[in-house]
Structures are given as structure tokens and as C-alpha cells.
Amino acid sequence: MATFQQQLARAKKLKPKKLEIDLFKFIRSIEKDLLDIQKKRISVDSEDIFGNPIGFYSYWTEVITNGRKKQGEPFTGIETGDWMRGFYMQEVSGVLRFSSKDPKNQIILNSEHWLSDELFGLSDQELKEVITKRLLPFFIKNARNTLEL
Numbered sequence: 436m437a438t439f440q441q442q443l444a445r446a447k448k449l450k451p452k453k454l455e456i457d458l459f460k461f462i463r464s465i466e467k468d469l470l471d472i473q474k475k476r477i478s479v480d481s482e483d484i485f486g487n488p489i490g491f492y493s494y495w496t497e498v499i500t501n502g503r504k505k506q507g508e509p510f511t512g513i514e515t516g517d518w519m520r521g522f523y524m525q526e527v528s529g530v531l532r533f534s535s536k537d538p539k540n541q542i543i544l545n546s547e548h549w550l551s552d553e554l555f556g557l558s559d560q561e562l563k564e565v566i567t568k569r570l571l572p573f574f575i576k577n578a579r580n581t582l583e584l
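Right, here's the structure in full:
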């Protein structure tokens with residue numbers, strides 16, 4: 436059991452800059468998971484970050500694909516070539532930004548066939564889940580380690 440003075444000395448190790456560095460490293464370590472959440476939302480749920488549909492296949496798409504894609508079925512983004520494989524995360528001035536390295540990214544986001552251009556990022560529900568299941572445990576473990584508890 437630490438004395439008050441020992442615990443006070445440990446508490447002084449809790450520095451915002453160190454926590455910022457540790458948090459940045461941790462978020463980078465779960466980057467693939469964050470990107471996978473977005474890929475699932477688009478490819479399985481066919482929703483943007485607000486839960487709205489991202490688009491539906493047209494009659495002509497059904498014709499061109501010989502019925503493989505039916506008119507009215509939701510877009511999945513799966514057959515957009517390298518678009519989903521090119522997803523990445525970037526930190527810009529303390530803000531995480533998500534996008535795709537695929538040269539067709541702007542064409543996809545600006546297409547009249549897609550109902551939304553709000554595809555990148557986390558929905559509130561996804562963010563809450565990441566916070567409660569990943570970030571909060573990280574903060575607790577980090578503080579306990581620093582305070583030697």
C-alpha cells in the first residue's frame with residue numbers, strides 16, 4: 436500500500452501530453468477495426484453514418500448484370516473495385532478523418548446514384564461502442580499502470 440506522498444508522486448506522472456501520445460498509439464493500433472466497422476455498415480447494412488440508405492440499384496443495373504443485382508436492392512459498395520480496399524484513417528490537427536485512396540473516391544461520393552456522401556466516419560452508435568468497449572478500458576488500464584494500482 437502506497438503512502439499518500441508516494442501516491443501523489445505517481446499521480447504527477449499523469450501528464451496530458453503522455454496520455455495524448457499513448458491514446459494516439461492506441462487508436463492507431465485499432466485502425467483496422469475502425470475501418471472494418473465502416474466497411475460492414477456500408478457493405479452489409481447499406482447505410483451512411485446517420486443510418487440512411489446509401490442507394491439502390493436501378494432497372495438498368497439489373498439489366499446490365501443479368502439480374503445478379505436486382506432493381507431496388509440496396510447498394511453495398513462491394514463491387515466498387517479498390518474503393519473499399521483503399522479505406523484509410525488519418526489524423527489532421529487532432530481530428531480523425533476517414534477516406535479511400537481509390538482514385539474513384541470523389542466520383543463515388545459525388546455520384547447522383549448514391550443517396551449520401553456521408554459514408555466515412557462512425558455513426559453515434561458505433562462511436563459509443565468504440566468508446567465503451569475500446570477507449571474506456573484503455574484509459575482505465577493506462578491510468579492504473581501509471582498510478583501503479
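Residue 460 in this note's numbering is what sits at position 25 of the sequence shown, and the numbering runs on without skipping anything. Where is the CB? At the ideal position from N, CA and C, for every residue including glycine. Computed from a predicted model, the values in this text were never measured in an experiment.
Residue i in three-state terms, based on DSSP
i    : result
S534 : strand
E482 : strand
Q440 : helix
F461 : helix
Q506 : coil
F555 : coil
Y494 : helix
Check whether residue i and residue j have beta carbons under 8 Å apart
i    : j    : result
K475 : Y492 : no
F522 : F510 : no
T581 : K467 : no
Residue i versus the options, residue with shortest Cα-Cα distance
i    : options                   : result
N487 : E547, E514, P572 and I477 : I477
E526 : L454, L449, R463 and T438 : R463
M519 : E508, L531 and K536       : K536
V479 : F573, G512, L544 and G502 : G512
E514 : L571, A444, Q442 and T500 : T500
G386 : N545, F459, D517 and F573 : The shown model of the chain, from 436 to 584, leaves out residue 386, and the question about it has no answer.
Proximal residues to residue i (C-beta, below 7 Å), its chain only, five neighbours per side dropped
i    : result
Y494 : Q506
*asked:* Taking contact to mean 3 or more Cβ pairs, one atom from each stretch, closer than 8 Å, check whether the stretch 465-484 and the stretch 549-562 are in contact.
replied: yes
*How about the stretch 458-477 and the stretch 552-568: do they share at least three Cβ pairs that are nearer than 8 Å?*
yes
*Taking three-plus beta-carbon pairs below 8 Å as touching, is the stretch 534-549 in contact with the stretch 558-567?*
no
*Please determine if the stretch 453-461 and the stretch 573-583 are in contact, where contact requires at least 3 C-beta pairs separated by less than 8 Å.*
yes
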